[in-house]
């Protein structure tokens, strides 16, 4: 392994899934100014939209997407240009 190319500032960071409020700790070099208290200890926090606890691949649950409604909305919006 080459010397001097790997970061030295690894520390425990809390990653928070904003869709289901799940929090997990891992080592990271991510820079953040926000903090979060976990088990009485304050950690820097990185907020995420999706993680292993909310991703459909890992949970086996999929969210219903209203594609038909979106297609109709698109057609209605651009119908005036087809004339």
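Numbering (the numbering used here), first residue to last: 190 to 272. Glycine included, C-beta positions come from ideal geometry on N, C-alpha and C. For clarity, every value in this text was computed on a predicted model and none was experimentally measured.
**Request:** Could you tell me if residue 203 is buried or exposed, where buried requires 16 or more neighbouring beta carbons within 10 angstroms of its beta carbon?
**Result:** buried
**Prompt:** Straight-line CA distance for residue 242 to residue 191?
**Reply:** 35 Å
**Request:** Quick one: residues in its chain with C-beta nearer than 8 Å to the C-beta of residue 219, no 5 flanking neighbours on either side, listed in chain order?
**Result:** 202, 233, 235
**Prompt:** Is the Cβ-Cβ distance between residue 269 and residue 237 less than 8 Å?
**Reply:** no
**Request:** Could you spell out where the beta strand (DSSP E) holding residue 233 opens and where it closes?
**Result:** 230-237
**Message:** Pop quiz: residue 239 and residue 271 are said to be a contact at Cβ under 8 Å. What is the actual Cβ separation, rounded to whole angstroms?
**Reply:** Rounded, the Cβ-Cβ distance is 37 Å, inconsistent with contact.
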